[in-house]
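First comes the structure, then the notes that go with it.
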């Protein structure tokens, strides 16, 4: 028969330049969408987009993409985490791009403040239900904007590279997404995950998406627009068409602006070099005969519209070719479609999944007793051959070793030289041989001197010496490991330190309730001008040693120190409901220590009527933050987000020897009695406070525990409180 195919085939980054204002100690730049920003002195407090700077690019380029990153990229589209949804929602609400009733906005903000950690909690579903409850809200438009915001917030670093590697344009991206999603779904072991099917038509792309959650389906509209704009600088029109008869099935019509150009690139006639054109595009003129093709590709077959086999490679012919005349040529007689899951055995349905890898399993035909190849899996690709109105399946045996090959009556010679399966099998056997050799050597080392293996004494002594050397080396490695782990625990939270030691990639994570403290020594510049650098360092060393001790006593996390700036947070390294109280106690103890500390001249760090000697001011704020590890040579655990900016502003608007408390922190503090708070006017609120935050700021003047005499020192009152809460300390 004639060969049935021929040569014809088929950045959300917001940088506010106003963040440069301020004194030379303010080193960091903080993201803000609409408002002016005061400069921070914390170099680790940056916006997510700083990961895309020069240092970030150097770091990212040294990290290798793998299936884990592809899985994270696909999961962002099919099941985004509560953390990234919360960040996208907060950014969208701050922009006010989608008009919402006040009641709906309040409900959504309440969802942000109540993000749960339970595995079965789904923030996106709650958003969808909240919007559907209000008849005046355009749910589709809101989820469109939310999806675009999601891509802008989340797709940075390795995740961005994972998305970009799927294709060079939106058409290639969507056609590849089906296959990648199928592999990711198979790796996870779930049969109920979302499913993509992309069909390219002359007018537009048609994407079929199957999911149990309508909220994800509507979110995908905006996500696809964001991907087209951010990765391919293309504008795409995306329309969703739900199926009235199947609530889990959604159809999308996607039209990129440069769709006609992408179709032209995909046409193989256009990619042929202009210096060479085929003499003919007719299948009968192909410079390869059927016999040659069947030998070169032994594991292929061709089926017609009735799914009848019309051509077989020599490999399949060897296995069941002699049964064709008796059992017929129906493909279902000899194969079971293992993947993709749930595909219907029709010509049209197979073509719909042409962008997905297929795995077909050989089954024993009826009335056949001996069939060694039963269970042999073939992994390959379905290719449409329009010139003969047929489908070509090109595959390779899906094996894990020589035993799987020979046990099914096959030989290495049955795998063509150009097929990587041959190398995979041989390399796998080599690895097994090396493992077996190491196992035998280990057993020899462990063999007692009285073993039946009668080695010469010289060899035995050498083996014993080798064993001792290995044991000593292992002990040395363990000792170094303990040192490294201890060092990491001094720099990072325990869970982050453990993952860094294991070599894992640390993805940024959202923390819904974190209380931050920023401090500043007023007059630090003038002090530096009147003394030597070494004296300044010694003075700061003495002061910060005390602060570090308080961090351990109060169980708060020290973020960083830059010059005279000292930043701590609670709610990052450990989930707690008393994060605001612990930070408040930290602020009170810092002010107390600073008021009794001596300058390089031996004078108290205090304010007098004549001049400012060296005084500290503190600001405290509570809110949602994004935290992650930045850098490789000197990694830093960094805090991102607008609430970090506000925390610094509350420090800037504080007064010497005072602790300025934000309205959100105040609401947390009043849940526990004992804090002495002095209200300030709303004029003292920093610029950029969200309109949704009511109330004013307060000065924290002290703390008194109900069970302690008021005349006792502050340390005694705080000690009683942390003992009551079960916080380990030695004050």
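Residue numbers (full-length UniProt numbering): 1 to 731. Glycine included, C-beta positions come from ideal geometry on N, C-alpha and C. Remember, it's a predicted structure, so these values are computed and weren't measured experimentally.
A residue is called buried once 16 or more other Cβ atoms fall within 10 Å of its Cβ, and residue 122 is buried on that count.
Contact annotation: residue 620 and residue 565 have beta-carbon atoms that are not nearer than 9 Å. Shown here, residue 663 sits in a helix according to DSSP, grouped into three states. Take residue 151, set aside five residues on each side of it, and the residues of its chain with a beta-carbon closer than 7 Å to its own are 223, 226, 227 and 230, in chain order. Of the candidates 71, 128 and 69, the residue whose Cα lies closest to the Cα of residue 89 is 128.
The stretch 81-96 and the stretch 231-240 do not touch, with fewer than 3 CB-CB distances between them shorter than 8 Å.
Excluding its 5 nearest sequence neighbours in each direction, residue 307 has C-beta neighbours in its own chain below 6 Å: 331, listed in chain order. With a cut-off of 8 Å on Cβ pairs, the stretch 668-685 is not in contact with the stretch 77-86, counting fewer than three such pairs. Per DSSP, reduced to three states, the secondary structure at residue 536 is helical. Residue 658 is not a Cβ neighbour of residue 560, given a cutoff of 9 Å. Check the Cα spacing between residue 654 and each of 563, 639 and 678: the tightest is with 678.
Counting only the Cα atoms, residue 501 lies some 26 Å from residue 554. In the displayed model, residue 204 falls within coil according to three-state DSSP, outside both helix and strand. Closest option to residue 703, judged by alpha-carbon separation, among 717, 697, 690 and 695: 717. In the three-state reduction of the DSSP assignment, residue 343 falls in the coil class. Between the stretch 366-376 and the stretch 208-216, the count of Cβ pairs shorter than 8 Å is below three; the stretches do not touch. The continuous alpha helix (DSSP H) containing residue 333 extends over residues 331-334. The C-beta distance from residue 622 to residue 532 rounds to 40 Å, too long to fall under 8 Å, and the pair is not in contact. The three-state secondary structure of residue 473, taken from DSSP, is helix. Counting other Cβ atoms within 10 Å of its Cβ, residue 326 stays below 16 and is therefore classed as exposed. Under DSSP, residue 416 takes part in no beta bridge, so it has no partner. Non-local beta-carbon contacts of residue 295 in its own chain, meaning distances under 7 Å to residues more than five positions away in sequence, involve 314 in chain order.
With respect to the 9 Å criterion, residue 362 and residue 320 are classified as neighbours on the basis of their beta carbons. Secondary structure note for residue 581: it is in no beta strand (DSSP E), and the uninterrupted alpha helix (DSSP H) holding it is 579-596. Look at the stretch 631-685 and you find these whole runs of beta strand (DSSP E), each 3 residues long or longer: 636-640, 659-661 and 675-679.
For residue 87, the secondary structure class from DSSP, reduced to helix, strand or coil, is helix. Inclusion of residue 147 and residue 219 in the CB contact set at 9 Å is warranted, their separation being smaller than that value.
When the beta-carbon positions are compared, residue 615 and residue 688 stay at least 9 Å from each other. Only buried fits residue 722, as 16 or more other CB atoms lie within 10 angstroms of its CB. Residue state for residue 551 is assigned as helix, using DSSP reduced to three classes. With 16 or more other Cβ atoms from the protein chains shown falling within 10 Å of its own Cβ, residue 382 counts as buried. DSSP places residue 95 within a helical segment (H, G or I) once states are collapsed to three. According to the DSSP secondary-structure assignment, residue 570 is paired through a beta bridge with 515.
Between the beta-carbon of residue 393 and that of residue 358 there is about 7 Å, and that keeps the pair under the 8 Å contact cut.
Note: residue 241 is bridge-paired with 251 in the DSSP secondary-structure output.
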